[in-house]
Amino acid sequence: GESVGLHLPTLSVQEGDNSIINCAYSNSASDYFIWYKQESGKGPQFIIDIRSNMDKRQGQRVTVLLNKTVKHLSLQIAATQPGDSAVYFCAENTGTASKLTFGTGTRLQVTL
Amino acid sequence: NAGVMQNPRHLVRRRGQEARLRCSPMKGHSHVYWYRQLPEEGLKFMVYLQKENIIDESGMPKERFSAEFPKEGPSILRIQQVVRGDSAAYFCASSPGGVRNQPQHFGDGTRLSIL
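In order, the protein sequence lines correspond to chains S and L.
Using the working numbering, the letters of the first sequence map in sequence onto residues 1 to 112.
Using the working numbering, the letters of the second sequence map in sequence onto residues 1001 to 1115.
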């Protein structure tokens, strides 16, 4: 079936550098995407979202890019900090339903 | 903290017992979603409810699992006759309305362990 997936299971970044976390999706009908951050023992925390009528959206230190042509989503974190260490999930809104389909996650490790 | 509240945070049950997981949505939110997460995996949708209605239960196992969201009180995910394979983290999320393309906000989950 169609799914959302991530290219890299673990990403190590030095403190202060920029991080890029990638996500591929296969459902061309998806029109809403969310990035979540999940720290150990906690629930997913909303970071940023984007609708399919946009290519880019910026938040505080984060930017989400959407390339519908190749069905690719990325999360960019500027000046990565130790507190950014977590697992990051992309999720998509599937069809006409309200449920989210999650990818398998990328673990971001920030080294000092 | 007016976020999504789940309890208990940890629940231990023996095989064959019943597990009840509770979720109180964020204030003003009338839509509740339950997801299940295995270690090192993403969340898998189980069920979507509004007050007194199940809207989408396409992710729920056909047997032993049920969910409700009564007019008063929290949403309940109930697992009867638990088996070892039910061990997982169960997360609840809520959103303000039925409009699509709104972020769902999650609680910190209930970690269910089956002995």
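Cβ coordinates follow ideal geometry from the N, Cα and C atoms, glycine included.
Quick caveat, the model's predicted, so the values are computed rather than measured.
In the displayed model, residue 1056 (chain L) falls within a strand according to three-state DSSP. When secondary structure is reduced to three states using DSSP, residue 1009 (chain L) falls in the coil class, being assigned neither helix nor strand.
In the structure shown, the three-state DSSP call for residue 1014 (chain L) is coil.
The beta-carbon distance between residue 85 (chain S) and residue 108 (chain S), rounded to whole angstroms, is 6 Å. This is short enough to meet the 8 Å contact definition. Taking a C-beta distance under 7 Å as the contact criterion, residue 1094 (chain L) and residue 1005 (chain L) do not qualify as a contact pair. Residue 46 (chain S) places its beta carbon 7 Å or farther from that of residue 73 (chain S). Identification of residues in the segment 1036-1055 of chain L having a C-beta nearer than 7 Å to some C-beta of chain S yields 1041, 1042, 1043, 1045 and 1048, given in sequence order.
Per DSSP, the unbroken beta strand (DSSP E) holding residue 10 (chain S) starts and ends at 10-14. At a C-beta separation below 9 Å, residue 49 (chain S) has these neighbours in chain L: 1101, 1102 and 1103.
Between residue 1013 (chain L) and residue 1082 (chain L), the gap from beta carbon to beta carbon is short of 7 Å. Relative to residue 1037 (chain L), the option among L:1079, L:1086 and L:1051 whose CA is nearest is L:1086. Of the candidates L:1103, L:1060 and L:1021, L:1021 places its Cα closest to the Cα of residue 1007 (chain L).
Rounded to whole angstroms, the separation of the alpha carbons of residue 1080 (chain L) and residue 56 (chain S) is 45 Å.
Nearest CB-CB separation between residue 1069 (chain L) and chain S: not below the 7 Å threshold.
Inter-residue distance for residue 104 (chain S) and residue 1106 (chain L) is about 17 Å (C-alpha atoms, whole angstroms). As DSSP reads the structure, residue 26 (chain S) sits in no beta bridge. For the 7 Å CB-CB criterion, residue 1073 (chain L) and residue 1091 (chain L) do not form a contact. Residue pairing from DSSP places residue 1024 (chain L) in a beta bridge opposite L:1005. Straight-line measurement puts the Cα of residue 1064 (chain L) at about 30 Å from the Cα of residue 36 (chain S).
Of L:1017, L:1048 and L:1088, the smallest CA-CA separation from residue 1076 (chain L) is found for L:1048. For residue 37 (chain S), the enclosing beta strand (DSSP E) covers residues 32-38.
With the criterion set as a beta carbon lying under 8 Å from some beta carbon of chain L, the segment 55-66 of chain S has no members that meet it.
DSSP places residue 92 (chain S) inside the beta strand (DSSP E), whose first and last residues are 86-93.
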